[in-house]
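Chemist:
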Amino acid sequence: MKEEGYDYSVVQGFAFSALFWLFVGLAVGLWLAAEMVYPGLNLAPWLAFGRLRVVHTNGLAFGFGLGGIFACTYYMLQRLTRIRLAFPRLAKFHMYFFNAAIALAALSLFAGMNTSHEYAELEWPLDIGVVVMWVIFAINVFGTLIKRKEKQMYISLWYIISMTVTIAVLYIVNNLEIPVNWFKSYTVYAGANDANVEWWYGHNAVGFVFTVPILAMFYYFLPKSTNLPIYSHRLSIVAFWSLIFGYVWTGAHHLMLTPLPEWIQTVAIAFSIFLIAPSWGSVINGYYTMRGEWDKMRSNYLVKFFIMGITFYGLQTIQGPTQGLRIMTGFFHYTDWVIGHVHMGTMGWVTMIISASLYYMIPAVNGREIYSVKLANTHFWLILVGQLIFTITMWIAGIQQGAMWKASNPDGSLTYSFLETVTAMYPYWKIRFAGGFVYFLGIVVFGYNLLMTLKSPEEATQPRTA
Amino acid sequence: MYSRPIVFAIMATVVILVGTIAMMVVPLTLQSTQPVSPLVKPYTAVELEGRDIYIREGCNNCHTQTIRPLRTEVVRYGQYSKPEEFAYDRPFLWGSRRIGPDLQRVGGKYPDSWHYRHMDNPRSMFPKSNMPDYAWLAARQLDTSYSYKKTHVVGYGYTVNEVNKNLADYLVRVTSSAYIAGDARDKVTPPVLKDKLTEMDALVAYLQKLGMDVKNLNKS
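What follows is the structure, given as structure tokens:
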């Protein structure tokens, strides 16, 4: 049952672009994980850890993350407004522009053109390209919203609107820089100011890329794939406004115990604690939507992804504010604990939700059934187990390294040299590689399943239930 | 509001601007966020070039440059970081993960020769280290064509002559027979570049400056 009257070519294009960059980003991640233990793999200069790490983070956050977000946004936007995209050809241009930008970004980072701002490493010509791309996207979002046939805007559209405006503000302000030449610039902010602006950006890039649009998908695709209405509309209103209000206050929790003025740190951590409430508002909304229907966890493979995803989101939003507290950050910051935290969010929450959203959309836009539910289940278990191996190992490693850094002898001298605290990590780093590899296998299964769905015969035997 | 996208977008923007103004714009306007001290000197031209190589190679992905006011951290790395020390840091390089040790006070901790040898092959000194080799930095001549423009953009206020003199002086320093790390430098530098400034020279100059303003203060 093909859904007619909408422009789906761009949805499909972005979905498979995201899949491609996911594959690339994870392969780079595995290489990096191996470098941690086998330094010979640092093939200079392009594959040395310092250059490669930013290819990993940018490739996955922006190639995979944004690609998946654009795919889902263009789909949800049309379905929720009940009209075609306002500017389909512009959307198609957006897709080619996006892939060209990500490819150029990766090349420039390999070549060492790097501003050093985390998640904003691109040099200024590419920054301008990113802003142009975002404007193109925003024109379609607002153009379609203005022309829409459905009067009320559903929850997911609120999240899409707030992402669209906030990312624009964040990206432009944090990337204000003065060029030296085509490949090099200096930020306009100095020292502690630069740190504060950067983490206002960095944390909200997490907020408005890894949280807000992913919640848009969750609020749309969970009800669609279960035929269950969202539990509480009022709760979603309260959670939405308090989430976007609170998020922008919290960036400085990345800078606890640094020379940044103490009041900024304290306010940031207070708002981080506050953020537990709106985050869990969405978690509770998701759980209560499933009330009395929990057997769907077994019978509907998409529900597994969505409920495990929102569960990791719930855990993530408890762990985050907790580890930001001064006493905790003093112990955990700069260790692998934080690496575990980030990867629970990205490998657990973000990828689970985008995976399920693509599993919903790709068959829907092609009028086909998913190639194999069994493979989808295999994918689910591989990425779940891979992620758990990865994150739990990193947490244990973080606790051990944090303790070793702090260990001192009765006379007050340090028990361990720095190098001893590094070599103690090698066994964990090997296990982390294994976890990442299991996860990678899951993504290979995912990609195969989606590609085979395109090849399977149209108009499958079982009609879609959703 | 839920049926008016433009009004909704404006509302959402206002809501995110409240925290943005309080936490990001207001601190920018306060002197106390990034105080300036006459005791902290800007980087010289060659140090700034070294710093740019540090950035290019992504050293900040494994090394932090901020020492927290915690007892064991001060024992390990030296005095905790003071805000004044970062007044000339554009960008800041505090970092977020310590795969390697903090470097904020690495200046003066080891002789230049140590850095040349360590960068050339970290495992020759620490067999179990996982740091990448940076031997190839000694095989690349330092590009100084933008050195003046760089110091100008970051507002250090040097004249062209001062920048050229700094680069020339540093070249004399590392190539003179009196240079105490001369043997180590010669060993890692290809013969054709022995009389030129290399990227490794600049990086060593930068590393040796880190934290020195406070260390010199303690001496005097």
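As you go down the protein sequences, you meet chains A and B in turn.
Going from the first sequence to the numbering used here is simple: count from 1 and add 72.
Going from the second sequence to the numbering used here is simple: count from 1 and add 1491.
Quick reminder that beta carbons are idealized off the backbone N, C-alpha and C, glycines included.
1. Taking 8 Å as the threshold (C-beta atoms), are Val-96 of chain A and Trp-147 of chain A in contact?
2. Go ahead and pull the three-state DSSP assignment for Arg-1725 of chain B.
3. Can you find at least 3 beta carbon pairs, one from the stretch 1686–1701 of chain B and one from the stretch 1526–1542 of chain B, that sit closer than 8 Å?
4. Relative to the C-alpha of Asn-171 of chain A, which candidate in A:Tyr-110, A:Val-202, A:Arg-156, A:Val-375 has its C-alpha closest?
5. Between the stretch 435–445 of chain A and the stretch 377–388 of chain A, do at least 3 Cβ pairs fall closer than 8 Å?
6. At least one CB of chain A closer than 8 Å to the CB of Val-1506 of chain B: is that the case?
7. Let me make sure I understand the geometry here. Which of A:Ile-515, A:Gly-417, A:Met-416, A:Val-410 has the alpha-carbon closest to that of Trp-453 of chain A?
8. With distance defined between alpha-carbon atoms, name the residue in A:Leu-294, A:Tyr-258, A:Phe-136, A:Val-517 nearest to Lys-1640 of chain B.
9. Hey, would you say Gly-140 of chain A sits closer than 8 Å to Ile-426 of chain A, going by beta carbons?
10. So what does DSSP say about Ser-257 of chain A, is it helix, strand or coil?
11. Taking a contact to mean a Cβ-Cβ separation below 8 Å, would you say Trp-93 of chain A touches Ile-174 of chain A in this structure?
12. So which residues of chain B does Ile-316 of chain A contact, with C-beta pairs closer than 7 Å?
13. Three-state secondary structure (DSSP) at Gly-85 of chain A?
14. Quick check on the DSSP output: the alpha helix (DSSP H) that includes Ser-371 of chain A runs from which residue to which?
15. With C-beta atoms as the reference, is Arg-220 of chain A less than 8 Å away from Arg-154 of chain A?
16. From Tyr-243 of chain A to Asn-1709 of chain B, what distance separates their C-alpha atoms?
17. Give me the Cβ distance between Phe-290 of chain A and Gly-358 of chain A, rounded to the nearest whole Å; I'm assuming they're in contact under 8 Å.
18. Is it buried or exposed, His-1606 of chain B, if we count other Cβ atoms within 10 angstroms and call 16 or more buried?
19. Say whether chain B places a C-beta atom closer than 8 Å to the C-beta of Leu-287 of chain A.
20. Could you tell me which residues DSSP puts in a beta bridge with Pro-251 of chain A?
21. Which residue from A:Trp-196, A:Ile-286, A:Lys-256, A:Asp-199 puts its Cα closest to that of Gly-417 of chain A?
22. What are the residues of the stretch 1561–1578 of chain B that lie near chain A, defined by any Cβ-Cβ distance shorter than 7 Å?
23. Pro-1496 of chain B: buried (16+ other C-beta within 10 angstroms of its C-beta) or exposed?
24. Between the Cα of Asp-1674 of chain B and the Cα atoms of B:Ser-1636, B:Asp-1660, B:Phe-1583, B:Asp-1603, which residue gives the shortest distance?
25. Quick one: is Arg-1608 of chain B near chain A, going by C-beta distance under 8 Å?
26. For Gly-1648 of chain B, is the classification buried or exposed, using 16 other Cβ atoms within 10 angstroms of its Cβ as the cut-off for buried?
27. Residues of the stretch 1544–1556 of chain B in Cβ contact with chain A at a cutoff of 7 Å, in chain order, please.
28. Tell me the DSSP bridge mates of Ser-480 of chain A?
29. At the level of alpha carbons, what is the spacing between Arg-1664 of chain B and Tyr-1670 of chain B?
30. Just to confirm, is the Cβ distance from Gln-1525 of chain B to Tyr-1568 of chain B under 8 Å?
31. At the 8 Å Cβ level, is Tyr-1647 of chain B part of the contact set with chain A, yes or no?
32. Check whether the stretch 521–530 of chain A touches the stretch 425–440 of chain A, taking contact to mean three or more Cβ pairs, one atom from each stretch, closer than 8 Å.
33. Any chance you could list the alpha helix (DSSP H) runs of at least 4 consecutive residues sitting entirely within the stretch 316–389 of chain A, in chain order?
34. Just verifying my parser: in three-state terms, what is the DSSP assignment at Thr-1689 of chain B?
35. Going straight from the alpha carbon of Met-73 of chain A to that of Phe-293 of chain A, what length do you get?
Modeler: Reading from the atomic positions:
1. If you number the first sequence from 1, residue 147 of chain A lands on position 75. If you number the first sequence from 1, residue 96 of chain A lands on position 24. Position check: residue 147 of chain A holds Tyr in this sequence, whereas Trp was assumed. Going by C-beta atoms, Tyr-147 of chain A is not nearer than 8 Å to Val-96 of chain A.
2. Residue 1725 of chain B cannot be examined here, being either before or after the span of chain B that is shown, 1492 to 1711.
3. yes
4. For this step, residue 171 of chain A is matched to residue 99 along the first sequence. With distances taken between Cα atoms, Asn-171 of chain A lies closest to A:Val-202.
5. Flag = no, the stretch 435–445 of chain A and the stretch 377–388 of chain A do not touch.
6. Position 15 of the second sequence, counted from the start, is the residue given in the question as residue 1506 of chain B. Judged by the 8 Å Cβ criterion, Val-1506 of chain B is in contact with chain A.
7. The sequence position of residue 453 of chain A within the first sequence is 381, counting from 1. Answer by Cα proximity: A:Ile-515.
8. Within the second sequence, residue 1640 of chain B is the residue found at index 149, counting from 1. The shortest Cα separation from Lys-1640 of chain B among A:Leu-294, A:Tyr-258, A:Phe-136, A:Val-517 belongs to A:Tyr-258.
9. As a first step, residue 140 of chain A is located in the first sequence; it is residue number 68 there, counting from the start. As a first step, residue 426 of chain A is located in the first sequence; it is residue number 354 there, counting from the start. Against a cut-off of 8 Å, the Cβ pair of Ile-426 of chain A and Gly-140 of chain A comes out as a contact.
10. The residue labelled residue 257 of chain A in the question sits at position 185 within the first sequence. Correct three-state label for Ser-257 of chain A: strand.
11. Position 21 of the first sequence, counting from 1, holds the residue named residue 93 of chain A. Position 102 of the first sequence, counting from 1, holds the residue named residue 174 of chain A. Yes; because the gap between Cβ atoms is below 8 Å, this pair is in contact.
12. Residue 316 of chain A sits at position 244 when you count from the first residue of the first sequence. The contacting residues are Ala-1503, Val-1506, Ile-1507.
13. By 1-based counting over the first sequence, the position of residue 85 of chain A is 13. Gly-85 of chain A falls in the helix class under three-state DSSP.
14. In the first sequence, counting from the first residue as 1, residue 371 of chain A sits at position 299. From DSSP, the alpha helix (DSSP H) with Ser-371 of chain A extends over 368–371.
15. Looking up residue 220 of chain A in the first sequence gives position 148. Looking up residue 154 of chain A in the first sequence gives position 82. For Arg-220 of chain A and Arg-154 of chain A, yes; Cβs fall inside 8 Å.
16. Start at 1 with the first residue of the first sequence, and residue 243 of chain A comes out as number 171. Start at 1 with the first residue of the second sequence, and residue 1709 of chain B comes out as number 218. When rounded, the distance between both Cα atoms is 41 Å.
17. Indexing the first sequence from 1 puts residue 290 of chain A at position 218. Indexing the first sequence from 1 puts residue 358 of chain A at position 286. With 8 Å as the limit, Phe-290 of chain A and Gly-358 of chain A qualify as a contact, their Cβ atoms being about 7 Å apart.
18. Here the question's residue 1606 of chain B lines up with position 115 in the second sequence. Burial call: buried.
19. Here the question's residue 287 of chain A lines up with position 215 in the first sequence. No, because no Cβ of chain B sits closer than 8 Å to the Cβ of Leu-287 of chain A.
20. Along the first sequence, one-based indexing puts residue 251 of chain A at 179. Answer is A:Ser-257.
21. Position 345 of the first sequence, counting from 1, holds the residue named residue 417 of chain A. Comparing Cα positions, the closest option is A:Ile-286.
22. Leu-1561, Thr-1563, Val-1566, Arg-1567, Ser-1572, Lys-1573, Pro-1574, Phe-1577, Ala-1578
23. Walking along the second sequence from the start, residue 1496 of chain B turns up at place 5. It counts as buried.
24. Within the second sequence, numbered from 1, the residue matching residue 1674 of chain B stands at position 183. Selected option, being the one with the closest Cα: B:Asp-1603.
25. Locating residue 1608 of chain B in the second sequence gives position 117, counting from the first residue. Arg-1608 of chain B does not count as touching chain A.
26. To locate residue 1648 of chain B, count along the second sequence from 1; it is residue 157. The residue in question, Gly-1648 of chain B, is exposed, as its Cβ has fewer than 16 Cβ neighbours within 10 Å.
27. Interface annotation for the stretch 1544–1556 of chain B against chain A: Ile-1546, Arg-1547, Glu-1548, Gly-1549, Cys-1550, Asn-1551, Asn-1552, Cys-1553, Thr-1555, criterion Cβ-Cβ distance under 7 Å.
28. For the purposes of this step, residue 480 of chain A is taken as the residue at position 408 of the first sequence. Under DSSP, Ser-480 of chain A takes part in a beta bridge, and its partners are A:Leu-486.
29. If you number the second sequence from 1, residue 1664 of chain B lands on position 173. If you number the second sequence from 1, residue 1670 of chain B lands on position 179. Those two C-alpha atoms are separated by around 6 Å.
30. As a first step, residue 1525 of chain B must be located in the second sequence, where it is residue number 34. As a first step, residue 1568 of chain B must be located in the second sequence, where it is residue number 77. Against a cut-off of 8 Å, the Cβ pair of Tyr-1568 of chain B and Gln-1525 of chain B comes out as no contact.
31. Sequence index remark: in the second sequence, residue 1647 of chain B carries index 156 (1-based). Chain A, which has no Cβ nearer than 8 Å to the Cβ of Tyr-1647 of chain B, makes this no.
32. yes
33. 334–346, 348–361, 368–371
34. One-based indexing of the second sequence puts residue 1689 of chain B at position 198. DSSP places Thr-1689 of chain B in strand when its eight states are reduced to three.
35. In the first sequence, residue 73 of chain A corresponds to position 1, counting from 1. In the first sequence, residue 293 of chain A corresponds to position 221, counting from 1. Residue placement at Met-73 of chain A cannot be trusted, given a pLDDT of 41 that sits under 50; what the coordinates show is reported in the next sentence. Cα-Cα distance, rounded: 18 Å.
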